[in-house]
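Scroll down for the structure; my scribbles are underneath it.
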DNA sequence: CAGCATTATGTAACTAGTTACATTCGTCAA
DNA sequence: TTGACGAATGTAACTAGTTACATAATGCTG
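Chains as they are written, first to last, in the working numbering: chain A, 2 to 340; chain B, 2 to 340.
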């Protein structure tokens, strides 16, 4: 035994020396063992085991020019939507032997640019971002580092990068139409912060005022707690309104909770609709009517698109995913149609 | 202008040639600009810009011996617990200039070992795993690649790797004690799959039968839907039992939902307690009594521990986090104390 | 103005692998 | 016996950076 010398990690050269062959042969044992005769192969393998040799990823990367790393930039992981998206993205990339590096941005484009720089510096060959607002620094970085970029969570064929996602404007329209079709005319809209969240902005832009329609907008923190508070803050408005349109399910849950606390019966007295369709949306009381966005499909699609781009060089084209209205039990015609 | 030559990415040598200095000088401009005179610095910078030079991460890594990458292996991202954990972990690592590579294992140790191999091959200097069961291949890998490993989601000072987490046994005992203190004696226990989930197993092991205590165990898929079905399946048992102890909040939510559907009043007719304290646990109806596990603190702590280990070489010691009983409104003394 | 310190820059040897090309050796056919 | 071929292996030059050391150029002091 001669392990005592191992202060430093063993290198290819060490293995070569110990087994009395050249570095090339050791490299072959690692990468194309069949090219090496059985006897030497075994000898080299023994040396590898004895020295506990492990090839340096960096050295391999420098030769192949590949890191097999994809970076993802999302506002937060602590949100079922992004978590599910990343779960699917990671799984899909894994099937293509790509690993996923994640960074969170809090929705701030400047932070995104900084984190993107980090990701690229640690070797990301491609970046997945979400939302449409980028900082200037981001474009500079992409130009410099020549990384592939796919933007998700929205759809816009005219965007600087390929986009994979929903037409957020249309999605909120779907929700609104459902309410208006039922006969609702005076509707409160509950939405998360518009600042740094262009998906919210896009969804809002879908809610245009048509004749006889009265919309009141209420911004709140994007959380159950926030939505509770906002619903509580609606106060008297609550009486003048027959439905609450929540721009995401988390908010709808808060609204439902607060309405129940105040003894308002949903959907008899007031209707509620969300957007997203979280796993738990089906299980709140009453089960939530919502517009389903299949984020895990978005994740898969994004993963495939990115892998194809990186691997085969075919830059993906923008891909539109459709939101699907899921009618459950929180919406009904207004009890006292007011118009 | 002379950009037309840029078929290949520009290297340090290219920049050196173009600006008429040596490679060392270019390297200095990049890493310690103050050592270079203003005039040459500007000249070099100009060349860098013109050639759109971007230093190769791999080449840097090979010299520094550092990749600044930490790998995390979790069963899934599509679970608020792990997502929050990773969110905190990522954020903490980011403050130490480390990036997080994630891989999901579905709780399968074999899959974990394979993914761990991938992570190490793409350069991870440390691995964060969760749960205590490892595949043999995992140990071999760690030995070979000399990576730092921190195990989370449980606490065991005698474990092969430093552990950061809860004493799952004690956590479930806390929940059980709360119920017994209230006077419950006949309790149904709802838990997720034991296979490939040692946290569940540990929690179960905390539920020892003491005199006069009757526990019935019911395994189900770890989801709201699964818990609904399981609760429905309880059928007649439901009458003989005064409380349901759910080994995680997701299950408790399913139980609550199904109980309401069946017209059982919680906590008057039956008590329910969970473990985890999800963000929404406070907002279900009625608000869920549970044992809070601060996974984001676990994430922060793990991040710090890992960074210290990697950076300063101090291997962390096992760290125990306490679960905290949060009494809300789903538990009460049994209405018809049976004994 | 010599002497010496300081600053700026260059040379070349590192990091740890991969790989094109050259060499050696044995086998078989002519 | 010689030439050809293929398999096995070695040599050395790559990959793209960093850095120890050497050298040149400048400034300041005595």
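Ideal placement from N, C-alpha and C gives every residue a C-beta, glycine not left out.
Asked: Would you say residue 247 of chain B lies against chain A (beta-carbon separation less than 8 angstroms)?; Found: no
Asked: Quick one: using the 10 Å Cβ neighbour count with 16 as the cut-off for buried, is residue 311 of chain B buried or exposed?; Found: buried
Asked: State whether the region 269 to 288 of chain B contacts the region 237 to 256 of chain B, with contact taken as three or more CB pairs (one from each stretch) at a distance under 8 angstroms.; Found: yes
Asked: Can you give me the C-alpha to C-alpha distance between residue 11 of chain B and residue 122 of chain A, rounded to a whole angstrom?; Found: 16 angstroms
Asked: Going along chain B, which residues have a C-beta under 7 angstroms from residue 55 of chain A?; Found: 145 and 146
Asked: Taking C-alpha atoms, which residue in A:226, A:151, A:247 and A:90 lies nearest to residue 208 of chain A?; Found: A:247
Asked: As a quick exercise: from A:90, A:20, A:119 and A:217, pick the residue whose alpha carbon is nearest that of residue 50 of chain A.; Found: A:20
Asked: Does DSSP put residue 63 of chain B in a helix, a strand or coil?; Found: helix
Asked: With a threshold of 8 angstroms on Cβ separation, who are the neighbours of residue 265 of chain B within its own chain once the five nearest residues in sequence on each side are excluded?; Found: 239 and 271
Asked: Would you please verify whether the beta carbon of residue 268 of chain A is less than 8 angstroms from any beta carbon of chain B?; Found: no
Asked: Would a C-beta distance cut-off of 8 angstroms place residue 67 of chain A and residue 308 of chain A closer than the cut-off?; Found: no
Asked: Could you tell me the alpha carbon to alpha carbon distance between residue 194 of chain B and residue 237 of chain A, rounded to whole angstroms?; Found: 48 angstroms
Asked: What residue ranges within the region 194 to 219 of chain A form continuous alpha helix (DSSP H) runs of no fewer than 4 residues, ordered along the chain?; Found: 199 to 206
Asked: For residue 205 of chain A versus residue 192 of chain A, is the C-beta distance shorter than 8 angstroms?; Found: yes
Asked: Kindly indicate which three-state DSSP category residue 171 of chain A falls into: helix, strand or coil?; Found: helix
Asked: Give the interface partners of residue 236 of chain B over in chain A, defined as CB-CB distance under 9 angstroms, in chain order.; Found: What residue 236 of chain B touches in chain A: nothing, since even the nearest Cβ is about 20 angstroms away.
Asked: How is residue 44 of chain A classed by DSSP in three states: helix, strand or coil?; Found: helix
Asked: Where does residue 161 of chain A land, buried or exposed, given buried means 16+ other C-beta within 10 angstroms?; Found: exposed
Asked: Taking all protein chains shown into account, do 16 or more other C-beta atoms lie within 10 angstroms of the C-beta of residue 313 of chain B, making it buried, or fewer, making it exposed?; Found: exposed
Asked: Output, in chain order, the set of chain A residues within a Cβ distance shorter than 7 angstroms of residue 31 of chain B.; Found: The premise fails here: residue 31 of chain B is roughly 12 angstroms from chain A at the closest Cβ pair, so nothing lies under 7 angstroms.
Asked: To the nearest angstrom, report how far apart residue 231 of chain B and residue 326 of chain B are at their CA atoms.; Found: 25 angstroms
Asked: Output yes if chain B places a C-beta closer than 8 angstroms to the C-beta of residue 122 of chain A; else output no.; Found: yes
Asked: I need the DSSP call for residue 229 of chain A, collapsed to helix, strand or coil.; Found: helix
Asked: Against chain A, which members of the region 271 to 290 of chain B pass a CB distance test of less than 7 angstroms?; Found: 280, 281, 284 and 286
Asked: Output needed in chain order: residues of the region 91 to 104 of chain A with a Cβ under 8 angstroms from some Cβ in chain B.; Found: 91, 92, 95, 98, 100, 101, 102, 103 and 104
Asked: When you check each C-beta in the region 217 to 229 of chain B against every C-beta of chain A, which residues fall closer than 8 angstroms?; Found: 224, 225, 226 and 229
Asked: Go ahead and pull the three-state DSSP assignment for residue 279 of chain A.; Found: coil
Asked: Quick one: is residue 117 of chain A near chain B, going by C-beta distance under 8 angstroms?; Found: no
Asked: Is residue 144 of chain A helix, strand or coil by DSSP?; Found: helix
Asked: How long is the line joining the alpha carbons of residue 235 of chain B and residue 257 of chain A, rounded to whole angstroms?; Found: 28 angstroms
Asked: Can you give the Cα-Cα distance for residue 282 of chain A and residue 227 of chain B, rounded to whole angstroms?; Found: 15 angstroms
Asked: Quick one, which residues of the region 64 to 80 of chain B are near chain A if we go by CB-CB under 7 angstroms, in chain order?; Found: 68, 69, 70, 77, 78 and 79
Asked: Determine the extent of the alpha helix (DSSP H) in which residue 294 of chain B is found, giving its start and end residues.; Found: Here residue 294 of chain B belongs to no alpha helix (DSSP H), and DSSP marks it neither H nor E.
Asked: Do the region 15 to 30 of chain B and the region 295 to 309 of chain A meet, that is, are 3 or more Cβ pairs less than 8 angstroms apart?; Found: no
Asked: Going residue by residue through the region 93 to 124 of chain B, where are the continuous alpha helix (DSSP H) segments of at least 4 residues, counting only ones entirely within it?; Found: 110 to 122
Asked: Short of 6 angstroms in beta carbon distance, which residues of its chain neighbour residue 130 of chain A, apart from the five on each side in sequence? Order them along the chain.; Found: 74 and 152
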